[in-house]
Amino acid sequence: MAPIRRLVLDVLKPHSPSTVEVAREVADAAGVAGVNATLLETDREVQNLRLVVEGEAVDADEVERRVRDLGGTVHSVDEVVAGEELVAYRNQPQDPSPS
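In the UniProt record's numbering, the protein residues as written are 1 to 99.
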């Protein structure tokens, strides 16, 4: 099976644990070399994060389990890069133009 190199998740989480704690916990998952956690939105009770997870062979199930164990919910899997190489994203003709 082809290894997962990058996983981009839209995550909804409570205010606690912090974004730093979530990133560190996900970074400890099998096959993960690094995590970028970006706060997209916050409201009274929850925060919305984008998690970009990269590694040689990311264990997607473990990443999602760690998010759940921290009280979060994976809303969507927005990108998956799998295979022997990390493929850089290139805009496609059908992509929306930046405003």
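Don't be surprised by glycine CBs; every beta carbon is placed ideally from N, CA and C. Computed from a predicted structure; not experimentally measured.
Cβ separation of residue i and residue j, assumed to be a contact under 8 angstroms, to the nearest whole Å
i, j, result
"residue 3", "residue 71", "With 8 angstroms as the limit, residue 3 and residue 71 do not qualify as a contact, their Cβ atoms being about 28 angstroms apart."
"residue 81", "residue 74", "Residue 81 to residue 74, Cβ: 17 angstroms. No contact."
Nearest candidate by alpha-carbon position, reference residue i, set the options
i, options, result
"residue 58", "21, 47, 29, 43", "29"
"residue 77", "63, 44, 20", "63"
"residue 54", "90, 26, 44", "26"
"residue 44", "12, 56, 24", "12"
"residue 113", "60, 16, 61, 7", "This structure does not reach residue 113, given that the chain is present from 1 up to 99, and the question cannot be answered."
"residue 16", "52, 61, 33, 68", "68"
Contacting residues, own chain, Cβ-Cβ under 6 angstroms from residue i (five flanking each side not counted)
i, result
"residue 38", "50"
Own chain partners of residue i with C-beta closer than 7 angstroms, once the 5 adjacent residues on each side are dropped
i, result
"residue 66", "25, 26, 29"
Note down, one range per segment and in chain order, each beta strand (DSSP E) of at least 3 residues found wholly within the segment 43-68.
Runs of the beta strand (DSSP E) lying entirely within the segment 43-68 and spanning at least 3 residues, in chain order: 46-54.
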